[in-house]
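Structure record follows, encoded as structure tokens.
Residue numbers (this note's numbering), protein chains in the order written: chain C, 3 to 212; chain S, 458 to 587.
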């Protein structure tokens, strides 16, 4: 067991918390259009962990604790069978783990236990970023307007994830399923990206699911 | 707008994701205390400014955020290769000069003739390196 002090960022007693998009939703009622070409949905309060360390050591621990093999290839994304938990390659020694809300602290403790005295770092970044899901028949058109990265299905198959320039911010863009894209957005960029998406998707009709 | 190959992401990425960080392969003196002021000053402040092949440090700032090296031609801006930290370049001014001597004219991927140019250009490259 490592001697790092851990603390639960989600303490008991359920103090109030606001998603990074709370202000955006408050300021302007989220649009709802029937038959919209693009649907946005924020998955707020998920558990985000950044793992850093050697791939072999981390792979063993992540397999043991999460049951997911650490994606070793660059720009890849691995999901569990239910698609709820994911591990994404960010850099040769850095991975992003996203798990359902409330699981992150237990996961962090268990990973630390499994890793013992190995050389690694785990940082809970749940409060620093949020996940926006983009779906609908015209979702790819919106991405094509917003990022220089090639999002053609041939170049961006399911199971790929990259950190790219999106509008004038940087986001983690990933494709967990055939019919949906996910944007992992930093808290401070959330309102900007959300309003950019509404503007860019306006011509196809946009709906925000909550 | 052009693409740079990131050796860590193993794909070509948009140029705006990268930042240049100056000359590569600058070794920190093993014993800074034993350096003369001139040696230490050279290490800290003085950089090569060749016309021709230059090895540079770049960072994939939006992306994997790793530093890597680029071999670049400072006159044509052509990127000849990119390689990871800790590796040595396979293309240098010397290697190009050797090929020139052997009579090989290398043609880049785009069909542009990049090296094996005039003797004068080569001499200037050599002069800058020497």
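From the three backbone atoms N, C-alpha and C, an ideal C-beta is built for every residue, glycine too.
Asked: What in chain C is Cβ-close to residue 543/S, meaning under 7 Å?; Found: Result: empty, since nearest Cβ-Cβ is about 12 Å, beyond 7 Å.
Asked: Got a sec: which bits of the region 515-533 of chain S sit with their beta carbon under 8 Å from any beta carbon on chain C, in order along the chain?; Found: 519, 520, 521, 522 and 523
Asked: Assuming contact is defined by CB atoms lying nearer than 7 Å, are residue 174/C and residue 151/C in contact in what I supplied?; Found: no
Asked: Can you say whether residue 108/C is buried or exposed, counting buried as having 16 or more other CB atoms within 10 angstroms of its CB?; Found: exposed
Asked: By the 8 Å beta-carbon criterion, what residues does the region 483-514 of chain S contribute toward chain C?; Found: none
Asked: Quick check on the DSSP output: what are the complete beta strand (DSSP E) runs of length 3 or more inside the region 23-104 of chain C, in order along the chain?; Found: 40-45, 49-55, 79-81, 88-93 and 96-101
Asked: Give me the DSSP bridge partner(s) of residue 162/C.; Found: 78/C and 177/C
Asked: With which residues is residue 511/S paired in a DSSP beta bridge?; Found: 529/S
Asked: Roughly how many whole angstroms lie between the Cα atoms of residue 82/C and residue 35/C?; Found: 33 Å
Asked: Express the C-alpha separation of residue 5/C and residue 143/C in angstroms, rounding to a whole number.; Found: 49 Å
Asked: Assuming the contact rule is C-beta atoms closer than 8 Å, residue 531/S and residue 512/S should be a hit. Round their C-beta distance to whole Å, please.; Found: The Cβ separation is near 11 Å, so there is no contact.
Asked: How would you list, in chain order, the residues of chain C whose beta-carbon sits under 8 Å from the beta-carbon of residue 465/S?; Found: 76, 93 and 94
Asked: Does DSSP put residue 21/C in a helix, in a strand, or in coil?; Found: coil
Asked: Residue 43/C to residue 134/C, Cα distance in whole Å?; Found: 6 Å
Asked: Give me the residue from 60/C, 87/C and 93/C with the minimum Cα distance to residue 115/C.; Found: 60/C
Asked: Looking at C-alpha atoms only, which residue of 10/C, 129/C, 183/C and 179/C is the closest neighbour of residue 146/C?; Found: 183/C
Asked: Quick check on DSSP: helix, strand or coil for residue 493/S?; Found: coil
Asked: Using the C-alpha atoms, what's the distance from residue 56/C back to residue 489/S?; Found: 31 Å
Asked: Between which two residues does the alpha helix (DSSP H) containing residue 189/C stretch?; Found: 189-203
Asked: From the beta carbon of residue 570/S, is the nearest beta carbon of chain C less than 7 Å away?; Found: With a pLDDT of 44 at residue 570/S, under the threshold of 50, the predicted position of this residue should be treated as unreliable, though the coordinate-derived value follows. Answer no: the Cβ-Cβ gap between residue 570/S and chain C never drops below 7 Å.
Asked: Can you tell me which of 486/S, 546/S and 517/S puts its alpha carbon nearest to the alpha carbon of residue 94/C?; Found: 517/S
Asked: Note down, in chain order, each residue of its chain lying with its Cβ closer than 7 Å to the Cβ of residue 45/C, except the 5 sequence neighbours on either side.; Found: 133 and 135
Asked: Please list the residues of the region 165-181 of chain C that have a C-beta atom closer than 8 Å to any C-beta atom in chain S, keeping them in chain order.; Found: 165, 166, 167 and 172
Asked: Check each candidate in 21/C, 104/C and 124/C and name the one with the smallest Cα separation from residue 7/C.; Found: 124/C
Asked: If contact is defined by three or more beta carbon pairs under 8 Å, each pair taking one atom from either stretch, is the region 518-529 of chain S in contact with the region 471-490 of chain S?; Found: yes
Asked: Please check the pair residue 465/S and residue 73/C, which I expect to be a contact at CB under 8 Å, by giving their CB distance rounded to whole angstroms.; Found: Residue 465/S to residue 73/C, Cβ: 14 Å. No contact.
Asked: So which residues of chain S does residue 108/C contact, with C-beta pairs closer than 7 Å?; Found: The contacting residues do not exist; residue 108/C stays about 29 Å from chain S at best.
Asked: Would you say residue 162/C and residue 177/C are within 7 Å of each other, going by their C-beta atoms?; Found: yes
Asked: So for residue 115/C, helix, strand or coil by DSSP?; Found: helix
Asked: Here's the rule: buried if 16 or more other CB atoms are within 10 angstroms of the residue's CB, otherwise exposed. What is residue 50/C?; Found: buried
Asked: How many Å lie between residue 187/C and residue 557/S at the Cα?; Found: 50 Å
Asked: Which of the three DSSP states, helix, strand or coil, is assigned to residue 182/C?; Found: strand
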